[in-house]
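**Student:**
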Amino acid sequence: MDVAELEGIAAEISREAGDLARRRRAEGVRIAATKSALADIVTDADREVEQLIRDRLAARRPDDGFVGEESDAQPGTSGITWVVDPIDGTVNYAYGIPHYAVSIAAVIGEPTPEAWTALAGVVFTPVVDELFRASRGGGAWLGEERLAVSTPTDAGALVATGFGYDPATHADDLARVARFMPLARDLRRGGAASLDLAYVAAGRLDAYVERGLHPWDHAAGALLVTEAGGVVGGAPGGRPGREMTIATSSELFETLSSAIYR
Ligand code: IPD
Numbered sequence: 005m006d007v008a009e010l011e012g013i014a015a016e017i018s019r020e021a022g023d024l025a026r027r028r029r030a031e032g033v034r035i036a037a038t039k040s041a042l043a044d045i046v047t048d049a050d051r052e053v054e055q056l057i058r059d060r061l062a063a064r065r066p067d068d069g070f071v072g073e074e075s076d077a078q079p080g081t082s083g084i085t086w087v088v089d090p091i092d093g094t095v096n097y098a099y100g101i102p103h104y105a106v107s108i109a110a111v112i113g114e115p116t117p118e119a120w121t122a123l124a125g126v127v128f129t130p131v132v133d134e135l136f137r138a139s140r141g142g143g144a145w146l147g148e149e150r151l152a153v154s155t156p157t158d159a160g161a162l163v164a165t166g167f168g169y170d171p172a173t174h175a176d177d178l179a180r181v182a183r184f185m186p187l188a189r190d191l192r193r194g195g196a197a198s199l200d201l202a203y204v205a206a207g208r209l210d211a212y213v214e215r216g217l218h219p220w221d222h223a224a225g226a227l228l229v230t231e232a233g234g235v236v237g238g239a240p241g242g243r244p245g246r247e248m249t250i251a252t253s254s255e256l257f258e259t260l261s262s263a264i265y266r
C-alpha cells in the first residue's frame, strides 16, 4: 500500500475541489436544503464539489469505496474507502466566512464507528490556500513544514469546540464547556471540525473537543493530529466519533478527558 501515493491523489483533488468551492462562493451561494437541524445545511456547491471529488477518485481509483457527506455511499473491492467532506464548515461558507475546507481521507475498510484506520488524509482551505496533509507513518505537513502538536504550558490551553446538530445535546455540550474552561486560556468555535483538527496538528490550538462528529468530519484531521504526535480519543474506552472526539497532546489528554467526564 503506497500511502504517499494516496496522499498525493487526495492533495491534488482537494486543490481542484477547493478552487471550485471558492469560485462558486464568489458567484453567490444558495442553501439547497436544511437537513437535521437549522445549522445542518447543504448548498448546491457542497453537492457539486462532492461530485467532482467522486468523479476524480473513480477515474484514479475505480476499485475503492466512497463515503461522502452529501451522497450515497459506494462500497469498493480494494479494501480502501475514501471518506470525503466536500465543504467542511458549510455554515461559514454560506455566510461568507472564509474558514471552510475540503477534507479527503483514505481509510482501510468501511468507516464504521467500530474499526477503520486512516492511511492518508488532507485538509485544504482554499481561501487561505493552506494544504495540510498526512500519511500513515509519514508525518503531518503544511508545505515543507513538518507539523507537531503543541507542548502544554502552565498558561492554560487554547481549546476549540463545536456543537453537534442535535438540539437535545446542547445543554450537555455547554455544561461540558463549563467543566473544561478552568483548564483553558480561551475558547474557540471555528465552525469546521477538519480545520480544528488540522490546527491542533499545527500547534495553533492546544486541544479540540466535540461530540456528534461523522467520519467525514474527522477522518483526515484525526490522522493529521496523530501523525503530528498527538492523541485523538473518544469517550473513556471508546473510539473518537459520534459520542466524543478529543484531540490534543498526550500530556493534556487525560487531564482534559477527566475534566469532561468528572
Ligand atoms: C460541521 C462542521 C462544524 C461541526 C459540525 C460538523 P459541515 O461540518 O465541521 O464545525 O461543529 O459537527 O458537522 O456540516 O459543515 O460539513
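Residue numbers for the sequence shown follow this note's numbering, beginning at 5 and rising by one.
Even glycine gets a Cβ: it sits at the ideal position worked out from N, Cα and C.
Nearest CA to the CA of Phe234: which residue from Ile17, Arg215, Ala206?
**Tutor:** Contrary to the premise, residue 234 reads as Gly rather than Phe in this sequence. Here the closest residue by C-alpha is Ala206.
**Student:** Is any non-hydrogen atom of ligand 1 found closer than 6 Å to the C-beta of Gly93, if you look at the structure I gave you?
**Tutor:** Yes, ligand 1 has a heavy atom inside 6 Å of this Cβ.
**Student:** Could you tell me which of Leu199, Arg26, Pro219 sits nearest to Val111, measuring between CA atoms?
**Tutor:** When only C-alpha atoms are compared, the closest one is Pro219.
**Student:** Do Gly195 and ligand 1 come close, with the Cβ less than 6 Å from some heavy atom?
**Tutor:** Under cutoff, so the answer is yes.
**Student:** Does the segment 55-69 touch the segment 77-91, meaning 3 or more C-beta pairs lie closer than 8 Å?
**Tutor:** Counting Cβ pairs under 8 Å, three or more are found: they touch.
**Student:** Could you give the first and the last residue of the continuous alpha helix (DSSP H) run that contains Pro219?
**Tutor:** Looking at the DSSP string, the run of the alpha helix (DSSP H) that includes Pro219 is 219-231.
**Student:** Let's see if you can read the secondary structure: which residues bound the beta strand (DSSP E) around Leu151?
**Tutor:** First-last for Leu151: undefined, no H or E at that position.
**Student:** Is the CB-CB distance between Ser139 and Ala8 below 7 Å?
**Tutor:** Yes, Cβ-Cβ distance for Ser139 and Ala8 is below 7 Å.
**Student:** Closer than 8 Å is the cut-off here; do at least three beta carbon pairs connect the segment 139-155 with the segment 249-259?
**Tutor:** Contact between the segment 139-155 and the segment 249-259 is present, because at least three Cβ pairs lie under 8 Å.
**Student:** Starting from Gly237, follow the beta strand (DSSP E) in both directions and report where the run begins and ends.
**Tutor:** That run of the beta strand (DSSP E) goes 235-237.
**Student:** Could you tell me if the beta carbon of Asp48 falls within a distance shorter than 6 Å of some heavy atom in ligand 1?
**Tutor:** Checking every heavy atom of ligand 1 against the Cβ of Asp48, none is found closer than 6 Å.
**Student:** Answer with buried or exposed for Arg27, where buried requires no fewer than 16 other C-beta atoms within 10 angstroms of its C-beta.
**Tutor:** Arg27 comes out exposed.
**Student:** Say whether the segment 19-34 touches the segment 46-54, bearing in mind that this needs 3 or more beta-carbon pairs closer than 8 Å, one atom from each stretch.
**Tutor:** They touch, by the three-pair rule.
**Student:** Any heavy atom of ligand 1 closer than 6 Å to the beta-carbon of Asp177?
**Tutor:** Asp177 Cβ: outside cutoff for every heavy atom of ligand 1.
**Student:** DSSP state of Asp176, grouped into three classes?
**Tutor:** The answer is helix: DSSP assigns Asp176 an H, G or I state.
**Student:** Between the beta-carbon of Asp200 and the beta-carbon of Ala164, is there less than 7 Å?
**Tutor:** Closer than 7 Å, so yes.
**Student:** If you draw a straight line from the alpha carbon of Leu128 to that of Gly160, how long is it in whole angstroms?
**Tutor:** A small correction: the amino acid at residue 128 is Phe; Leu does not occupy that position in the sequence shown. Distance between the alpha carbons of Phe128 and Gly160: 29 Å.
**Student:** Since Trp120 sits in a beta bridge, which residues does DSSP pair it with?
**Tutor:** Answer by DSSP bridge pairing: none, since Trp120 is not bridged.
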